[in-house]
Every structure is written in C-alpha cells, then in structure tokens.
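Numbering (my numbering), first residue to last: -3 to 232.
Beta carbons: idealized from backbone N, C-alpha and C, even for Gly.
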C-alpha cells in the first residue's frame, strides 16, 4: 500500500511521507519568495485552514477516492472493515444521547488516518484542475515548473502571482472541498502578499473577507516566514 500511496500523491504533498517533512515545504516557499522578490514580481499566498479536517471526511466518498485511484479491491475492503459498524454517543450534562452510526472522519490514532486524508485532499486538488500549459490560476514557477499549492497533511498553502488567480483558486478549492465534506475556516484562513505586490489581495468567502497578514507561522516556521517576507535570509 505504501508504494501505491507514493504513486498517487503528488510532490505538492509532503505530509507523512518517507524522507519528506515540513522543512521541504518551508524551503520551497522560501525559494519561491526569494525568486519573486529578485524579479520584483507580485506573489500572493493563501494559507488554508480546514475546520476539523480529520473529523469531517465522508466515508463513502473516501472509498470512492480509493476506487478512482485504482487501489486493489482487497485493500479497499480491508480499510472499509476498520470503519464498518462504528457507533458513537454524546455525553451531555443530564445524560447520554442514543448511539448513532459514524459516517465521517478518520479514526483517531490509526496509522492509516493521515494517509487517507492525504489521498482525500489529493483528489480535491485534482478536481480543482491543473493544466500547466494554461496558467489558469497564474501559478508561480520554480525552475520552470508551475507550483499551485504546497500541502502538509491538511495544511495547504495556495500560490498565485495575481489576486484574480488566487481568488479563483481559493473558490475552486472551497467548492470541491465542500463537495467532499470539508469546510474552510474563514477566520483562520489568511492571505499574505509578499514584498513587492502592487495590489493587495482582498478576497471574500460568503461575504466574509479573508484576513491579510504581514507574517504567518507556516508549518511552525513563524519567525523564518517573517524574515522571508521582509526579504531577509533564513538563519542557520
């Protein structure tokens, strides 16, 4: 299953993968920012926050994702068996509710859970669509390759060189995420306009404007990202 996971998950996803980690994407973001600073070109980044991503993925749609990615039926059956018959109840102040079936979310503490979520978000980004020949979302490029997103599990950074491209990308991600039961937390989602941007990205979701920030703690690298945004080098 590990080999199949590696085949299906794109390089944009660094979470829970062999020889990959948060440093990879911190460095990638640093490289992109440095390049666009040097060329005096605008760069806009949106740091997506999902509301309880590990608790909201629809089980049936997860199995559909595994089928679409051509996982072996025995593997799909084994994964489904871990989730069949799950029930839960809620403890209230004056008693406990009736038991009800659990039809969404991944199992807490299960080693498969982060991988299932990675595959789920991978399909979301595939549904968003990406054609490197069209630059549909005005993606920045690094070494000639377009980079639309950087992901670590459900932590997602979206990138565009224009405000229109970023807005289009955010709305596409929102639409396809909601189709699979995942919802953006607008209050915790942030936009950072990097350095030489001539036009600030003012983007609304359902009437609420996404907050613009001067710095962001990306994958635990808050101080480093502050230095990057100011055009200073990373410390050793």
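Here residue 133 is near residue 144, since their CB atoms are less than 7 angstroms apart. Taking the C-beta atoms as reference points, residue 116 is found no nearer than 7 angstroms to residue 157. About 5 angstroms separates the beta carbon of residue 154 from that of residue 165, a gap short enough to meet the 8 angstroms contact definition. For the pair residue 183 and residue 71, the Cα-to-Cα distance works out to about 38 angstroms. Here the alpha carbon of residue 48 sits roughly 11 angstroms from the alpha carbon of residue 102. Across the structure, residue 79 and residue 31 are spaced so that their CA atoms are roughly 46 angstroms apart.
Looking at the DSSP output, residue 142 shares a beta bridge with 137. Taking 7 angstroms as the cut-off, the beta carbon of residue 190 is found no closer than this to the beta carbon of residue 199. Cβ contact annotation for residue 173 (same chain, cutoff 6 angstroms, sequence separation greater than five): 120, in chain order. Setting aside the 5 residues that flank it on each side, residue 150 is surrounded in the same chain by 46, 49, 113 and 117, each with a C-beta closer than 7 angstroms to its C-beta; the list follows chain order.
Around the CB of residue 105, fewer than 16 other CB atoms lie within 10 Å, so the residue is classed as exposed.
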